[in-house]
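Residue numbers for the sequence shown follow this note's numbering, so the first one is 36 and each next one is one higher.
These notes are about the structure you will find just below.
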Amino acid sequence: MSRHSTAHHFLEGLVDLGVDYIFANLGTDHVSLIEEMARWDKEGRKHPEVILCPHEVVAVHMAGGYALATGRGQAVFVHVDAGTANACMAIQNLFRYRLPVMLFAGRAPYTLHGELPGSRDTYVHFVQDPFDIASIVRPYVKWEYSVPSGIVVREALARASAFAQSDPPGPVYMMLPRETLAEQWDDAGMPAYPPARYGSVHTGGIDRARVDAIAQALMAAENPIALTAYLGRKQQAVAVLEHLARTCGMRVAEFNSIDLNITQASPCFAGFDPLPLLETADLGLLLDSDVPYIPQNAKRASAIKWIQIDIDPLKSDFPMWGFPTDIRVQGDCATVLQQVLDAVEARADDAYRRRVADRIASWSGGREQMAKRRATASANKGRSGALNPAFLFAMLNEKLSQDDIVINEAIRNAPLLQEHITRTKPQSYVG
């Protein structure tokens, strides 16, 4: 009967999950994994490609970039508590961006006298064993687990992936003691846990009654608006929102946006400041947005009827949130908005369509004023030693194509970047 180490079965579990890459900053806790990958290489067997990273922040962010581009979480290997601490800054970013990643940390050996393979044999094994290693990242992960025995490693991997990929997606954390990775197990006693049977769950559409209520509210509104930040994570949602906005005469603003959510060429696009819209709106949609506006600056917001459609409407990881909603829906925006669009189109008559067309036409003056303000701001090149960022971004805008991806790390100048670098295609902006 063939036997292999827990590390071997761990690698098999990653392959079963379809993991393509291991972004790694390795240590003494990963010896068994390194040995297994070397053996697989010698046998010509394919395992996830290992990309060595000089720092854990790099490793986690590379995994995050892959998840952003593909929607699939990858593996990150870090070294005990030190690697976990270094990874924490990046894990916080991925948690807030709702990007799946599986963070695996080795644990210092728990045996001291050579009782088991992998027992403590160096100084750092004593000083890198805190009481609660998971506490370092606990606020920023959806699930955590320390594998107690290799017999459950494949099941634990399946559960880790299910949590990471389920809505809302995000990081998970698993700890692997060195002795556990070195354990030997009969292959026959290690069942598979296929994703098809142990997989993730996702939000979808909603019931007809709530669809009808939202559609009726939109059609009755004289000045509907929508505020969003990351609806565009799904490409199809961008087109649906644009179609719904044109069908209902609804202006759309992005605030602290993470993704492009509506083409900026749309007559319904209203910029990146929601406050002017709040002055006259009678109905507002909150669509996949963590902070749609700053409450102390938006006193009139309480007079608006709000409908929230969000992958995480309660913001379960925020101790306090504080935005009122009259209809609150947990669902996939692309699916729910398509349901609402279908309901509106089924009800719309010629009179409603004329009213919407007149409303959209009335916004042209405001859009022209916005364009003039941008042109005036970017005409000034700045002065010696102080380049005007508006000028710089406007020049970049002339050079970039709409297929290029803009990653906004401009910090204090981030709003200027958004105003002066026009994006029109889904997934062409990351904020």
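Every residue gets a Cβ at the ideal spot worked out from N, C-alpha and C, and that includes glycine.
Spatial distance of residue i from residue j (CA atoms)
{"i": "Asp384", "j": "Ala300", "result": "27 angstroms"}
{"i": "Gly149", "j": "Glu91", "result": "30 angstroms"}
{"i": "Gln409", "j": "Glu454", "result": "It is Arg, not Gln, that sits at residue 409 in the sequence shown. If I take the Cα positions, the gap works out to 7 angstroms."}
{"i": "Gln270", "j": "Asp156", "result": "52 angstroms"}
{"i": "Ala169", "j": "Pro206", "result": "13 angstroms"}
{"i": "His237", "j": "Lys407", "result": "43 angstroms"}
{"i": "Gly62", "j": "Asn121", "result": "14 angstroms"}
{"i": "Ser119", "j": "Ala280", "result": "The amino acid occupying residue 119 in the given sequence is Thr; Ser does not appear at that position. In a straight line, the C-alpha of Thr119 is about 44 angstroms away from that of Ala280."}
{"i": "Gln331", "j": "Leu310", "result": "11 angstroms"}
{"i": "Ile342", "j": "Leu322", "result": "8 angstroms"}
{"i": "Ile440", "j": "Val465", "result": "7 angstroms"}
{"i": "Val246", "j": "Gly53", "result": "36 angstroms"}
{"i": "Thr360", "j": "Val326", "result": "13 angstroms"}
{"i": "Leu435", "j": "Ala231", "result": "41 angstroms"}
{"i": "Val66", "j": "Leu129", "result": "28 angstroms"}
{"i": "Ala396", "j": "Gly240", "result": "32 angstroms"}
{"i": "Pro204", "j": "His82", "result": "24 angstroms"}
{"i": "Asn291", "j": "Tyr158", "result": "47 angstroms"}
{"i": "Ile442", "j": "Ser184", "result": "42 angstroms"}
{"i": "Ala333", "j": "Met285", "result": "19 angstroms"}
{"i": "Phe353", "j": "Asp367", "result": "20 angstroms"}
{"i": "Met430", "j": "Asn296", "result": "23 angstroms"}
{"i": "Phe139", "j": "Leu147", "result": "23 angstroms"}
{"i": "Asp164", "j": "Ala117", "result": "10 angstroms"}
{"i": "Pro302", "j": "Ala381", "result": "23 angstroms"}
{"i": "His278", "j": "Ile446", "result": "32 angstroms"}
{"i": "Gly420", "j": "Ala104", "result": "37 angstroms"}
{"i": "Ala227", "j": "Val287", "result": "47 angstroms"}
{"i": "Leu68", "j": "Ala252", "result": "57 angstroms"}
{"i": "Glu21", "j": "Arg394", "result": "What the structure shows of the chain is the stretch from 36 to 466, and residue 21 is not part of that stretch, so it cannot be assessed."}
N-terminal and C-terminal residue of the alpha helix (DSSP H) that residue i is part of
{"i": "Leu452", "result": "Ala449 to His455"}
{"i": "Gln404", "result": "Ser399 to Ala414"}
{"i": "Gln163", "result": "Taken as a continuous stretch (DSSP letters only), Gln163 belongs to no alpha helix (DSSP H), as it is neither H nor E."}
{"i": "Gln200", "result": "Val188 to Gln200"}
{"i": "Ala252", "result": "Arg243 to Ala255"}
{"i": "Val207", "result": "Premise fails: Val207 lies in the beta strand (DSSP E), Pro206 to Pro212, not in any alpha helix (DSSP H)."}
{"i": "Ile395", "result": "Asp385 to Ala396"}
{"i": "Gln127", "result": "Val115 to Tyr132"}
{"i": "His44", "result": "Thr41 to Asp51"}
Beta-carbon proximity of residue i to residue j, cut-off 9 angstroms
{"i": "Ala274", "j": "Pro461", "result": "yes"}
{"i": "Gly267", "j": "Asp242", "result": "no"}
{"i": "Val113", "j": "Ala94", "result": "yes"}
{"i": "Gly153", "j": "Ala197", "result": "no"}
{"i": "Tyr265", "j": "Ser201", "result": "no"}
{"i": "Val371", "j": "Thr282", "result": "no"}
{"i": "Met97", "j": "Ile86", "result": "yes"}
{"i": "Ile186", "j": "Gly224", "result": "yes"}
{"i": "Pro348", "j": "Gln365", "result": "yes"}
{"i": "Leu262", "j": "Gly319", "result": "yes"}
{"i": "Met137", "j": "Met209", "result": "yes"}
{"i": "Ala59", "j": "Cys88", "result": "yes"}
{"i": "Leu451", "j": "Ala412", "result": "yes"}
{"i": "Leu1", "j": "Thr41", "result": "The structure shown does not extend to residue 1, since the chain spans only 36 to 466, so no value can be given for it."}
{"i": "Gln437", "j": "Arg418", "result": "no"}
{"i": "Arg194", "j": "Tyr180", "result": "yes"}
{"i": "Gly106", "j": "Ala199", "result": "no"}
{"i": "Arg173", "j": "Asp64", "result": "no"}
{"i": "Tyr56", "j": "Glu84", "result": "yes"}
{"i": "Phe358", "j": "Ala336", "result": "yes"}
First through last residue of the beta strand (DSSP E) which encompasses residue i
{"i": "Asp345", "result": "Lys340 to Asp345"}
{"i": "His65", "result": "Element bounds for His65: n/a, residue is neither H nor E."}
{"i": "Phe139", "result": "Val136 to Arg142"}
{"i": "Gly319", "result": "Leu318 to Leu322"}
{"i": "Asp221", "result": "Gln219 to Asp221"}
{"i": "Glu289", "result": "Arg286 to Glu289"}
Residues of its chain near residue i, where Cβ-Cβ distance is below 7 angstroms and the 5 sequence neighbours each way are ignored
{"i": "Pro229", "result": "Asp51"}
{"i": "Phe426", "result": "Ser413, Asn415, Lys416 and Gly417"}
{"i": "Ile329", "result": "none"}
Residues near residue i in its chain [Cβ-Cβ closer than 8 angstroms; skip 5 each side]
{"i": "Tyr387", "result": "Met254"}
{"i": "Trp220", "result": "Arg38, His39, Ser40, Thr41, His44, Gly185 and Ile186"}
The ligand MG heavy atom lying under 8 angstroms from the CB of residue i
{"i": "Asp202", "result": "Among the components modelled here there is no ligand, and therefore nothing to report on the ligand MG."}
Proximity to residue i [Cα-Cα], best of the options
{"i": "Lys25", "options": "Leu151, Arg133 and Pro183", "result": "Residue coverage of the chain in this structure runs from 36 to 466, which leaves residue 25 outside it and unanswerable."}
{"i": "Val379", "options": "Ile362, Met405, Ile249 and Pro327", "result": "Ile249"}
{"i": "Pro212", "options": "Phe45, Thr411, Pro450 and Pro83", "result": "Phe45"}
{"i": "Arg363", "options": "Arg74, Pro135, Arg286 and Asp345", "result": "Asp345"}
{"i": "Ser37", "options": "Trp398, Glu444, Val287 and Asp222", "result": "Asp222"}
{"i": "Glu289", "options": "Pro302, Met355, Asp308 and Glu277", "result": "Asp308"}
{"i": "Ala369", "options": "Leu276, Ile456 and Ala104", "result": "Leu276"}
{"i": "Arg131", "options": "Gly99, Ala104 and Gly401", "result": "Gly99"}
{"i": "Glu218", "options": "Trp75, Leu103, Arg80 and His39", "result": "His39"}
Neighbourhood of residue i by C-beta distance below 6 angstroms, restricted to the same chain and skipping five residues each side
{"i": "Ala316", "result": "Asn258, Ile260 and Ile339"}
{"i": "Gly48", "result": "Arg189 and Leu192"}
{"i": "Pro424", "result": "Asn448 and Leu451"}
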